[in-house]
């Protein structure tokens, strides 16, 4: 079974970090979150922390992270989703990796609107979890 762990990052002004994929073969330039697929033997929190750093340069303090969803709802192929949220004291610098072409900080309403219309079912789960 595939397992995916991603992070909702919220800054001190309640702005949500939304990434945009770099021409993904399935999802194109769709909205995305930091995080990704677990490697063999990896726990969801470990994978999310590793992926966030690889994709953005943001170092995650795991003690401040909250899990807000875990399960296979919203997945057509029963991929196990883990979703975390991290509220930061400031807005960190983002160093883009090859996986994302751009990013933006959005208020909650705009963030949810973009997430709602994404092609990836993971993002639909994010919308339903946060709305």
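In this note's numbering, the protein residues as written are 1 to 131. Here a beta-carbon is modelled for each residue, glycine too, at the ideal position from N, C-alpha and C.
If we call anything under 8 Å between Cβ atoms a contact, is residue i one with residue j?
i, j, result
"residue 3", "residue 38", "yes"
"residue 74", "residue 128", "yes"
"residue 16", "residue 8", "yes"
"residue 22", "residue 82", "no"
"residue 63", "residue 35", "no"
"residue 46", "residue 99", "no"
Compute the beta-carbon to beta-carbon distance between residue i and residue j, rounded to the nearest angstrom, for a pair I have assumed lies under 8 Å.
i, j, result
"residue 59", "residue 86", "Not a contact, Cβ separation roughly 11 Å."
"residue 103", "residue 94", "6 Å"
"residue 130", "residue 106", "The Cβ separation is near 12 Å, so there is no contact."
State the DSSP-derived secondary structure class of residue i, mapped to helix, strand or coil.
i, result
"residue 92", "coil"
"residue 6", "strand"
"residue 128", "helix"
"residue 85", "strand"
Please go through the stretch 10 to 74 and give each complete alpha helix (DSSP H) segment of 4 or more residues, from N-terminal end onward. Counting only runs that start and end inside the stretch 10 to 74, the alpha helix (DSSP H) elements of at least 4 residues fall at 44 to 56.
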